[in-house]
Structure formats: C-alpha cells, structure tokens
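Line by line, the protein sequences give chains P and S.
Numbering follows the numbering used here, with no gaps: position 164 of the first sequence is 164.
Numbering follows the numbering used here, with no gaps: position 105 of the second sequence is 342.
This report refers to the structure that appears directly beneath it.
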Amino acid sequence: MNIIRVENLEKDYVNEDLITPVLRGVSFDVSPGEFLAIMGPSGSGKSTLMHILGFLDRASRGLYEFEGQDTKKFSDQYLAELRNERVGFVFQSFNLLARTTVLDNVKLPLLYSKKKNHDQLARQALADVGLTHRLDYYSNQISGGEKQRVAIARALVNGPAVIFADEPTGNLDSKSGNTIMRILQKLNDQGRVIILVTHETDTANHAKRIIRVKDGRIISDESVRQRTIADSDELVK
Amino acid sequence: MNFFSTIKLVFRTLTARKGRSFLTILGIVIGVAGVIVIIALGAGAQSLILGQITRLGSNLLSIQPGKSNEKGPPAQLFGIVVTTLTNADASALRDTGKVPHAAAVNANVRGGAAVIWGGKSVDTNFWGTDYNYPAVINFTMRQGRFFDQQEDLGDASVAVLGSSVADELFGGADADPIGQIIKVRSAASGESAGLPLRVVGVISPRGSIFFQDQDDQIFLPLQLGQERLLGIHYLQAINLKVDSSDQVRQTVSDVTSVLNSQHRVKREADADFTVRNIADAISILTTITSALSLFLTAMAAIALVVGGIGILNIMLVTVAERTREIGLRKAVGAGQAAILKQFLFEAGLLTLIGGLIGIALGALISYLIYLLMVYLGYDWAFVVSPASVGLAIGVSILTGIIFGLYPALKAARLNPIDALRYE
Numbered sequence: 001m002n003i004i005r006v007e008n009l010e011k012d013y014v015n016e017d018l019i020t021p022v023l024r025g026v027s028f029d030v031s032p033g034e035f036l037a038i039m040g041p042s043g044s045g046k047s048t049l050m051h052i053l054g055f056l057d058r059a060s061r062g063l064y065e066f067e068g069q070d071t072k073k074f075s076d077q078y079l080a081e082l083r084n085e086r087v088g089f090v091f092q093s094f095n096l097l098a099r100t101t102v103l104d105n106v107k108l109p110l111l112y113s114k115k116k117n118h119d120q121l122a123r124q125a126l127a128d129v130g131l132t133h134r135l136d137y138y139s140n141q142i143s144g145g146e147k148q149r150v151a152i153a154r155a156l157v158n159g160p161a162v163i164f165a166d167e168p169t170g171n172l173d174s175k176s177g178n179t180i181m182r183i184l185q186k187l188n189d190q191g192r193v194i195i196l197v198t199h200e201t202d203t204a205n206h207a208k209r210i211i212r213v214k215d216g217r218i219i220s221d222e223s224v225r226q227r228t229i230a231d232s233d234e235l236v237k
Numbered sequence: 238m239n240f241f242s243t244i245k246l247v248f249r250t251l252t253a254r255k256g257r258s259f260l261t262i263l264g265i266v267i268g269v270a271g272v273i274v275i276i277a278l279g280a281g282a283q284s285l286i287l288g289q290i291t292r293l294g295s296n297l298l299s300i301q302p303g304k305s306n307e308k309g310p311p312a313q314l315f316g317i318v319v320t321t322l323t324n325a326d327a328s329a330l331r332d333t334g335k336v337p338h339a340a341a342v343n344a345n346v347r348g349g350a351a352v353i354w355g356g357k358s359v360d361t362n363f364w365g366t367d368y369n370y371p372a373v374i375n376f377t378m379r380q381g382r383f384f385d386q387q388e389d390l391g392d393a394s395v396a397v398l399g400s401s402v403a404d405e406l407f408g409g410a411d412a413d414p415i416g417q418i419i420k421v422r423s424a425a426s427g428e429s430a431g432l433p434l435r436v437v438g439v440i441s442p443r444g445s446i447f448f449q450d451q452d453d454q455i456f457l458p459l460q461l462g463q464e465r466l467l468g469i470h471y472l473q474a475i476n477l478k479v480d481s482s483d484q485v486r487q488t489v490s491d492v493t494s495v496l497n498s499q500h501r502v503k504r505e506a507d508a509d510f511t512v513r514n515i516a517d518a519i520s521i522l523t524t525i526t527s528a529l530s531l532f533l534t535a536m537a538a539i540a541l542v543v544g545g546i547g548i549l550n551i552m553l554v555t556v557a558e559r560t561r562e563i564g565l566r567k568a569v570g571a572g573q574a575a576i577l578k579q580f581l582f583e584a585g586l587l588t589l590i591g592g593l594i595g596i597a598l599g600a601l602i603s604y605l606i607y608l609l610m611v612y613l614g615y616d617w618a619f620v621v622s623p624a625s626v627g628l629a630i631g632v633s634i635l636t637g638i639i640f641g642l643y644p645a646l647k648a649a650r651l652n653p654i655d656a657l658r659y660e
C-alpha cells in the first residue's frame, strides 16, 4: 500500500474574484521507505503541494489518499490529529518557541497528543539527533544547525510516518546543512518516509527520487542515479 | 492538551511579560478593589445604623412640631421655629386610655450652653428633659443617677452630664463630678450669670447617633431648660416608647389622633406636627445608602468594562505578536479547540490575578476606612464577606473570558500556513 497517492490534484487561490491556479493536476505515489525531493523554482507550487500533503491546506480538486484513505472527508480536527501523530514538519526558519528550553520545544507536539511519557519520548528524539547535551539550553542559546536538529527532534517525537522538510538547509552553512541531511538520511534508513522540498540540486541529490515541479505541473519524476550520501558526522551516532 | 500543561504554558507566557501583564490587569484591579470597598462600605454603614437602632432603643416614636414630608427632613433643619408642640400635648399622650401602648413619654427642649466649673468653661448642648428620659432612651450611668420624678417636677437644680463634658470639666482637676455645683449659661437667652446646678450623675460613653456626639451633652429638668435657659413655653420634641414592636403602627395612629384633637386639626393636611417612627427613619437612611452603593457599584462596573476592553486590546496584540507561534502549534497538531482554550485561559488567568490583587487592595482600603471610622468614634464593622470575594473572583474571570473570547477565536481560526508565514 502506498503511503501517499495523489491524482489530478489541483489548487486555486481565490482572492477577490481573481482565481490563481497554483497546482494544475499533479499525480504521483509515495511508497514506504521513500526519500522524495520535490524541486522547483519559487512560485512553482512545490510548497503548496507540501502543505496539502502535510494536511496544512486542502486541495481544490483531485484525489489525495493518505495511508489508503481519501482525505477529502476528513474534518479539520482530524487533520490536526494527523499533523500531530502521522506527520512531522521541519521548516527553513526552524520555528522554535522563544524563551523555551530545547527539551520543552521538542515536547510541544506531545502537548496535543494523548501520550503520557513526554519526557522520555523527547529525550529519545533529542538523542536521535545527537543533542542530549543541550536539553536545558534555551532556544536562543544554540547555533542554527542545532536549532534545526531540535526542529527535527520535534518532528520526530511523536513517531510520524512521514517527515516533511521545507528547505531545511536554506538558512544553514554547508557543514550544518550536511549534518541535517545526514540525519534525514539516517531517519530514512530507519524506515521513515522523508519528503524534502528544495530548489537546490545539491540538496535534492541526497534523496532517492526527485519530482520537478514547474507552473503547477510535474515536469519530471525520476530516481536519483548518483545519490549523495552525507558524510558521517561525529555528533550523530 | 490537558489542564495542567495549559496552566503551565499560560503561566510561562504571562511571566515572560510581567510588566505588560500587570498594566493589562490594572483596570481589573481597580474595578474589583472598587467593588470590594463599596460592598464593605455598605455593610459597615448598615452595621453602624443597626447598632444605632439597638443603642437608641427600639419601638421609638419621635414627635416633632410642624408638618414635614414623611420622607423629608424635619422643618427645624431649615431654621424654622415651630411652637405648636406643648407640655399639654405631652400630658395628653400620657393618657393610657387614648394611647394604650405608650410605655413612656418623654418631652424635650434643646439648646447650646456654656458649662462653667472651677474657672473652666465648656461649650456644649443641653437637654431640658423629663424623668422619663431613661425609660425611653437606652443608656447606662457611669456614675451617680439620672434625676428622678420628684426633682424633675420640683424643678430641682440638678444636672446629669455626658461623659466627655464631665471629663473636660473635672478630668484635669481629678475631682469627683458628683455633688459639684456647675453653672450653665444658655447661648440663646436667660441667666447671664449662669444657672447653678448640682451634678447628680454622669452617663457612660455612647458614641455618636445620627452623627451627633451623645457624650457632649448635659441633661437638666425640662422646665429649667424651657423657662430659665431658653425662655420658651413649647416643646421641641416628644419621644414615645411603644411597649411592643407589633403596636408601633397602631400607636402612630393613636398619637396622631390625640394630637389632632389637641390641636383641633380637622384634615390630615392641616396637621402641625410630625410623628416619626425611628425604624422608618432608619429604613430611609438604609434606602439612601443602598441607592448610593448601587450607584458606586455601577461606577465600579464601568471600571471593570474599561478593564475588560484593556484585556481585549492586549489580547489582540498578543495574538498578532504570536501569530507564528500559533501557526507552529497548529502545524504540530493543535486543533482549534486547543488554541481557543489556551488564549481563553490566558485572558481568564490574567483577570483572575487582577481580581485577586483587587480583592487584597480592596480589603486593605476597607480596613483603613474601618480604622478611620473607629478612630472617629463610629461603631463601624470591617466586613469583607465571602460572597463579595466570590463575586469579585467570578466577575473578574468572566470579564477575562468575555473580552478574551474574540481574540481567542481569532487565534483559533488562523490558517496555519498564513500564520507560519506571518512576519
């Protein structure tokens, strides 16, 4: 069974009678274990596609099946529950809570779940990204690369099936970026689906498959022939 | 999101902006403190008035010359001298055939006087009254006794002093007032050399009743007051004690008909006297105080509404400032209900804290008023009732929830993508 299946997905933005089509019929599947990069220039619709796949937005038309279920009839509350339990997000600008410790930032999704062992889960997620030594630091006391690793731990903490990463290395130097890609590859090796949105070919080449989007349509969908494997980093065990 | 983690989250948010949080709740603090003080003032005033009823003696009628509106002040307050109430009226009221439930009738005149002893002169008020005074008015003697029927009817040269007059005259000399001869000189007319009177008793301190210091007075036989000090032949007031509270209404009408026939009044509108029931007078005062506290409560309610608008304003700012945070929370799985709950909690907690500070402030102010009133000699009670505290807490939380609802809804309905992109 596919994790994700979209068929003729369309999205319009309506602004005072002016209808702007952003996605004009997109179809593809994502199978378990995939590491997919969605590439395209700005305005191509790649971010909109990710938002729809991540339940942050709804399609205007077309089919979106997640884990075999048609998402059209899902309520807003159920979408919130899916965002909480089945997917995780990593953003370009980290989006950590200010004046809040690393550990509490990672616990944030657990506040909205029914799980009980918050502390244990958050510590495990931070161990997975190699940040056990920063638990009690405040989010403004750590480096950009570390912030993004906290964000990954936060995406990871509730055990999601899919992690969406929107330009995760865009605000980082190449060394920190490499660490982030290494972590994402490791998570993928452990069986999690990673969907990476980027406009950089170097970054996209860390994935196993690249879908190129332009003007709301898929212009290519192919496997990566010479995949970049991020160097192992001593911080990541 | 469970209750405890919501509380923890909200506390962290509020303490991160202590200064602003405090300024936000200032309106609530003032409004709630106002409510507490006003309720305490009302309760204090009520206890004062009730205390005065019991001290004055219950079932008391006051008959005054001149017709005045039932609910208005007596004519004498406007400086009008009415001479229609006479000793004969008092005698007629003592007729148990006509006024069967009159336990005692006491006739009075009053005036200003200087009391002189041992080269010292004290300005005070005198009462020319009859031997029935102790039967009508509740008080106790500190020393000696009140003058008796024989002394009263015989125009004996005796006087009874209020405690503060006695202290002023004799306190310095450390002399026993009983048996001393004082001279009383009326401010109005009469003896220029002063009427010599022998002190037979001193009344225990009574405090103030209806804002009149009861201890700064002296008492002497009625006719001495009328003829020797004031040079008048009429009465200024008659007090009548009814033997039971059930008979007050009946006695008012008995008194009215006796006086109507005494004064040959045919129509009620022509009556030249007023019969007041002390309990009625007190209920008028109570009506005034409760109207006043209702008005003040309305002012405090306005303060609460203004405070609530402050909450509304700052919560809107907070939601705008934290749009990205709200977007993030939604992205990691917070539903509308969770966001709504968070911001409602925040507003409710803000106003609850404001309410608690307001209660403390209001109680403190009420206590200071209590100290002041006690210092001024009033029988004031310090009352901050659980009901008023409960009301204040309830109203402040409700203010937060009502005025926090719109910003919280606004936050809950934010589109997560727009919120995440918000700069």
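Ideal placement from N, C-alpha and C gives every residue a C-beta, glycine not left out.
Here the structure is a predicted model, which means the values were calculated and not measured.
Check whether the Cβ atoms of residue i and residue j lie closer than 8 Å to each other.
i	j	result
THR575 of chain S	GLY268 of chain S	One detail in the question is off: residue 575 of chain S reads as Ala in this sequence, not Thr. Taking 8 Å as the Cβ cut-off, ALA575 of chain S and GLY268 of chain S do not qualify as a contacting pair.
ALA648 of chain S	PHE580 of chain S	yes
ALA618 of chain S	GLY281 of chain S	yes
ILE211 of chain P	PHE28 of chain P	yes
LEU587 of chain S	THR261 of chain S	yes
ILE180 of chain P	GLN148 of chain P	yes
GLY665 of chain S	PHE363 of chain S	Shown here, chain S extends from 238 to 660; a query on residue 665 of chain S therefore has no answer.
LEU298 of chain S	VAL512 of chain S	yes
ILE290 of chain S	LEU477 of chain S	no
GLY216 of chain P	ARG24 of chain P	yes
ASP166 of chain P	PHE66 of chain P	no
SER295 of chain S	PHE376 of chain S	no
ASN2 of chain P	VAL30 of chain P	yes
MET378 of chain S	GLY438 of chain S	yes
PHE582 of chain S	THR243 of chain S	yes
GLY348 of chain S	LEU466 of chain S	yes
List the residues of chain P whose Cβ lies closer than 7 Å to the Cβ of residue i, in chain order.
i	result
VAL654 of chain S	The question names Val, but residue 654 of chain S in the sequence shown is Ile. The answer, in chain order, is HIS51, LEU56 and ASP57.
ALA253 of chain S	ARG99
If we ignore side chains and look at the alpha-carbon of each, how far apart do residue i and residue j end up?
i	j	result
ALA153 of chain P	ASP104 of chain P	11 Å
GLY159 of chain P	GLY572 of chain S	19 Å
LEU79 of chain P	ARG134 of chain P	32 Å
PHE383 of chain S	PRO371 of chain S	7 Å
ILE374 of chain S	THR361 of chain S	20 Å
ASP483 of chain S	GLN473 of chain S	27 Å
GLY431 of chain S	ILE353 of chain S	8 Å
VAL485 of chain S	LEU496 of chain S	16 Å
LEU53 of chain P	ASP119 of chain P	29 Å
ALA204 of chain P	ALA557 of chain S	35 Å
ARG254 of chain S	ILE548 of chain S	14 Å
Does residue i pass the burial test, meaning 16 or more other C-beta atoms within 10 Å, or should it be called exposed?
i	result
PHE532 of chain S	exposed
PHE550 of chain S	It should be pointed out that residue 550 of chain S corresponds to Asn in this sequence rather than to Phe. The residue in question, ASN550 of chain S, is exposed, as its Cβ has fewer than 16 Cβ neighbours within 10 Å.
ALA396 of chain S	buried
GLN386 of chain S	exposed
ASP367 of chain S	buried
LYS114 of chain P	exposed
SER603 of chain S	buried
LEU246 of chain S	buried
ASN652 of chain S	exposed
LYS237 of chain P	In this predicted model, LYS237 of chain P has a pLDDT of only 41, less than 50, meaning its place in the structure is not dependable; the value taken from the coordinates is given anyway. Exposed.
GLU234 of chain P	Residue confidence is low: GLU234 of chain P scores 48 on pLDDT, short of 50, so the model does not pin down where it sits. Its coordinate-derived value is still stated next. Exposed, because fewer than 16 other Cβ atoms sit within 10 Å of the Cβ of GLU234 of chain P.
SER176 of chain P	buried
GLN454 of chain S	buried
ARG501 of chain S	exposed
PHE240 of chain S	exposed
Just to check my reading of the structure: residue i and residue j have Cβ atoms closer than 8 Å, yes? What is that Cβ distance to the nearest angstrom?
i	j	result
ALA161 of chain P	ARG83 of chain P	With 8 Å as the limit, ALA161 of chain P and ARG83 of chain P do not qualify as a contact, their Cβ atoms being about 12 Å apart.
Cβ closer than 7 Å: which chain S residues qualify as neighbours of residue i?
i	result
PRO109 of chain P	VAL569 and GLY570
SER42 of chain P	Going along chain S, no residue has its Cβ under 7 Å from SER42 of chain P, so there is no contact; the nearest lies around 13 Å.
Using a Cβ cut-off of 9 Å, pull out every chain P residue sitting near residue i, in sequence order please.
i	result
LEU646 of chain S	Correct list: empty, because the minimum Cβ distance to chain P is about 14 Å.
ALA575 of chain S	ALA80, LEU111 and TYR112
Counting only Cβ pairs nearer than 8 Å, list the residues of chain P close to residue i.
i	result
ARG258 of chain S	Residue identity check: residue 258 of chain S is Ser in the sequence provided, not Arg. Result: empty, since nearest Cβ-Cβ is about 14 Å, beyond 8 Å.
SER242 of chain S	LEU111
Name the chain S residues that come within less than 9 Å of residue i, Cβ to Cβ?
i	result
ARG83 of chain P	LYS567, ALA568, VAL569, GLY570, ALA571 and PRO653
ASN95 of chain P	ARG561, GLU562, GLY564, LEU565, ALA568 and LEU657
GLY231 of chain P	The sequence as given places Asp at residue 231 of chain P; Gly does not occur at that position. Ordered by position in chain S, no residue passes the 9 Å Cβ test against ASP231 of chain P, which lies about 30 Å from the chain.
ASP76 of chain P	GLY572 and GLN573
SER149 of chain P	Before going further, note that residue 149 of chain P is Arg rather than Ser in the sequence given. What ARG149 of chain P touches in chain S: nothing, since even the nearest Cβ is about 16 Å away.
So which residues of chain S does residue i contact, with C-beta pairs closer than 8 Å?
i	result
PHE89 of chain P	ALA568 and VAL569
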